[in-house]
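Novice: Counting from 1, position 414 in the sequence shown corresponds to residue 537 in the working numbering; the numbering is continuous, with no gaps.
Glycine included, C-beta positions come from ideal geometry on N, C-alpha and C.
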Amino acid sequence: MKTSLGDIREAVGSGFWFVPGLMMLGAAGAAYLLVWVDETIDPQRVGLFGYLIATDLDGARVLLSSIASSIISVAGVVFSITVVVLSVASGQLGPRLLRSFMRLRTTQYSLGAFTATFLFCLLLLVRLQVAEEGGFTPHASVSFAVLLAIACLCILVFYIHHVALYIQADTVIRSVASELEDTIESIYPDPLDEYPVDLAAAIEPDSPSDSPPSGAATAAHEGYVQCIDTRALVDLATSEDLLISLRVRPGAFVIQDARIATVWPAERATDAVNAKINEAIGLGERATPDEDAEFVIGQLVEVAVRALSPGINDPFTAMACVDRLASALGKLLGRKFPSPNHHDEDQRLRLVTMPASFGDLLDASFDEIRRNARGTVPVVRRMLGSLALLAPLVRRQEDGRALARHVHEIRDSLDGASLKRERDTLDAQCERILAELEDRPPRATRQAVDARSA
124 MKTSLGDIRE AVGSGFWFVP GLMMLGAAGA AYLLVWVDET IDPQRVGLFG YLIATDLDGA
184 RVLLSSIASS IISVAGVVFS ITVVVLSVAS GQLGPRLLRS FMRLRTTQYS LGAFTATFLF
244 CLLLLVRLQV AEEGGFTPHA SVSFAVLLAI ACLCILVFYI HHVALYIQAD TVIRSVASEL
304 EDTIESIYPD PLDEYPVDLA AAIEPDSPSD SPPSGAATAA HEGYVQCIDT RALVDLATSE
364 DLLISLRVRP GAFVIQDARI ATVWPAERAT DAVNAKINEA IGLGERATPD EDAEFVIGQL
424 VEVAVRALSP GINDPFTAMA CVDRLASALG KLLGRKFPSP NHHDEDQRLR LVTMPASFGD
484 LLDASFDEIR RNARGTVPVV RRMLGSLALL APLVRRQEDG RALARHVHEI RDSLDGASLK
544 RERDTLDAQC ERILAELEDR PPRATRQAVD ARSA
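1. Taking the DSSP output, what are the residues bridged to Y347?
2. How about E414 and C350: are their beta carbons less than 7 Å apart?
3. What ranges does the alpha helix (DSSP H) occupy inside the stretch 155-242, keeping only unbroken runs of at least 4 residues that lie completely in it?
4. So if DSSP puts A384 in a beta bridge, which residue, or which two residues, is it bridged to?
5. What number of angstroms, rounded off, separates the C-alpha of F489 from the C-alpha of D550?
6. Pick out whichever of Q520, T238, R519 and A514 has its Cα sitting closest to the Cα of C553.
7. Please go through the same chain and pick out, in chain order, the residues whose beta-carbon is closer than 6 Å to the beta-carbon of A300, but skip the five residues on each side of it.
8. Tell me whether the beta-carbon of A347 lies closer than 7 Å to the beta-carbon of R409.
9. Restricting to Cα atoms, I'd like to know which of D522, V517, R518 and A496 is closest to R534.
10. Determine the DSSP secondary structure at V475, reduced to helix, strand or coil.
11. Can you give me the C-alpha to C-alpha distance between H285 and R228, rounded to a whole angstrom?
12. If you measure between the beta carbons of I556 and V517, is that distance less than 7 Å?
13. If you follow the beta strand (DSSP E) that N436 is in, where does it begin and where does it stop?
14. Thinking C-beta only, is E302 closer than 7 Å to V419?
15. With 16 other CB atoms within 10 Å as the buried threshold, where does S330 fall?
16. With 16 as the cutoff for other CB atoms within 10 Å, does G194 come out buried or exposed?
17. What are the complete alpha helix (DSSP H) segments, minimum 4 residues, inside the stretch 238-301?
18. For the alpha helix (DSSP H) holding T548, just list the boundary residues, first then last.
19. For P461, which of helix, strand or coil comes out of DSSP?
20. Would a C-beta distance cut-off of 7 Å place L216 and V295 closer than the cut-off?
21. Could you pull the start and end residues of the alpha helix (DSSP H) that T361 belongs to?
22. Grouping DSSP H, G and I as helix and E and B as strand, with all else coil, what is P143?
23. Which whole-angstrom value is the C-beta distance of S264 and V158, which I expect to be below 8 Å?
24. Considering only C-alpha positions, which residue in the set I164, F241, D364 and V160 is nearest to E468?
25. For P314, name the three-state secondary structure that DSSP assigns.
26. Taking the straight line between their C-alpha atoms, what separation do you get for F481 and A487?
27. Should the stretch 264-284 be regarded as contacting the stretch 415-434, the criterion being three or more beta carbon pairs within less than 8 Å?
28. So V500 is in the alpha helix (DSSP H); what residue range does that whole segment cover?
29. CB-CB under 6 Å to S509, same chain, minus the five flanking residues each way: which ones, in chain order?
30. One question on the structure: do V502 and M442 come within less than 7 Å of each other, judged by their Cβ atoms?
31. Have a look at L356 and G523 and give me their C-alpha separation to the nearest angstrom.
32. Any contact of the stretch 232-242 with the stretch 143-154, i.e. 3+ C-beta pairs under 8 Å?
33. Going by DSSP, name the residue or residues bridged to H466.
34. From S203 to L209, what distance separates their C-alpha atoms?
35. Thinking just about the alpha-carbon of each residue, which of S462, I190 and T260 is nearest to the one in A274?
36. Nearest to L484 by alpha carbon, out of S362, E521 and R505?
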């Protein structure tokens, strides 16, 4: 159920059809409602005649025809603008950002307003074509159509303004960074304890190495792992008395018949168990950020890498991406990462997953940017500055080792001709960061962890 809901939510949120479709249904309902009002209520009796447009059937048909033809022409312009913006965003900022633009409610509501207004006028025209003279006067319906036309003009101006702002690199980066923050809040909601204890390293993780021979669970079809229902997998392992070790995590691409999990013992890895494991692992045609922070990180990295390409050569955009990535990594340093081990109610190990660590997310953030920023002094300096800001926030030893590794890799990459003059300065900055990381408090002992847990 969880995987199905995730697929539906992604299809609805990142499509141009759902919100406009709902608005068109609302427009159809409003058309029939207002026709009923015109047929049953006399506006002069209720004192509303002065606020409505006075017209006869012929005048109403002409006015509605004019509004409908104008609105559908404007709608065509809006769709053309949207396609141009998608093309520009895909070419300069990366095709993965198309999803962010398509998820914008402003775009969806704007398209919905024009199509809904056209449908409203069209349905009224159909009703008026069969209306007899003297049958009813469409005061309320025509007045509402005029209000919709005025609203569409305002929406058109706002939409053009919105598009002009959104295609700017800084706006796109800020929008993606906001989505990354929301993803971090969703996946890593719990703050880290105040004391710098490395629980994952202090306590040995459970291991199935002494278990009987294992069996394999294979993928029923290919696709990207969008979400994993760990609760369903634990319940399955408990009911079948299994130990399941996943070989994939959200964001990974699997092919049909590839191993996605290992099951102990082997004789219980039946076809029914394999089918239930596939049901708990949601596969789709594209990766999503629901349980995969690396997906959103990859969007910012793609913008930075394209900005560093020789054809664009825009280091300032790359530096803006580095700043946003550093902000997200700073939040991750203060969050708990999920344990790979999942137990049943009797504290028996039932499921071993492959959650992303801080080092994985740090690699996803800076590896490609570092490789493409060789010789670009401002970007290299900004990356080191970001690592310097992150160093005082480290509270787990493995996080400090990951930061130190990136400092060494950046220093090893200082071999470009344009970096020779700044090498001494950058070397000194690297040494300061490494000294800051070495000054981190030592990891707590196992006894301290046990005492804290008790």
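Specialist: According to the structure data:
1. F376 and G407, per the DSSP bridge assignment.
2. Yes, the Cβ-Cβ distance between E414 and C350 is below 7 Å.
3. Counting only runs of 4 or more, we get 180-211 and 221-225.
4. Bridge partners of A384: A340 and L369.
5. Taking the straight line joining both Cα atoms gives about 18 Å.
6. The shortest CA-to-CA distance from C553 to any of Q520, T238, R519 and A514 is the one to A514.
7. Take A300, set aside five residues on each side of it, and the residues of its chain with a beta-carbon closer than 6 Å to its own are R447, in chain order.
8. The question names Ala, yet the displayed sequence has Tyr at residue 347. Yes, the pair counts as a contact, with Cβ atoms nearer than the cut-off.
9. The shortest Cα separation from R534 among D522, V517, R518 and A496 belongs to A496.
10. Correct three-state label for V475: strand.
11. Rounded to whole angstroms, the gap between the alpha carbons of H285 and R228 is 11 Å.
12. 7 Å or more divides the Cβ of I556 from the Cβ of V517.
13. Unbroken run through N436: none, as it is neither H nor E.
14. Cβ distance < 7 Å, so V419 and E302 count as in contact.
15. Because S330 sits at a pLDDT of 45, beneath the cut-off of 50, its placement in the model cannot be relied upon, and the point is left open.
16. Checking the displayed sequence, the identity of residue 194 turns out to be Ile instead of Gly. With 16 or more Cβ atoms within 10 Å of its Cβ, I194 is classed as buried.
17. If only complete runs of 4 or more residues are kept, the stretch 238-301 shows the alpha helix (DSSP H) at 262-289, in order along the chain.
18. From DSSP, the alpha helix (DSSP H) with T548 extends over R546 to E561.
19. Residue state, collapsed to three classes: coil.
20. With contacts defined as CB atoms closer than 7 Å, L216 and V295 qualify as a contacting pair.
21. Start and end: T353 to E363.
22. P143 carries a helical assignment under DSSP once its states are collapsed to helix, strand and coil.
23. Correct: roughly 6 Å between the Cβ atoms.
24. Nearest option by C-alpha distance: D364.
25. Three-state result, P314: strand.
26. Here the alpha carbons of A487 and F481 stand approximately 10 Å from one another.
27. Contact between the stretch 264-284 and the stretch 415-434 is absent, because fewer than three Cβ pairs lie under 8 Å.
28. DSSP places V500 inside the alpha helix (DSSP H), whose first and last residues are V500 to L513.
29. V445 and A449, listed in sequence order.
30. Yes, Cβ-Cβ distance for V502 and M442 is below 7 Å.
31. So the alpha carbons of these two residues sit roughly 33 Å apart.
32. Taking 8 Å as the limit for Cβ pairs, the verdict is that the stretch 143-154 does touch the stretch 232-242.
33. H466 pairs with L472.
34. S203 and L209: Cα-Cα distance of roughly 10 Å.
35. Minimum Cα distance to A274 is reached at I190.
36. For the set S362, E521 and R505, the Cα lying nearest the Cα of L484 is the one of E521.
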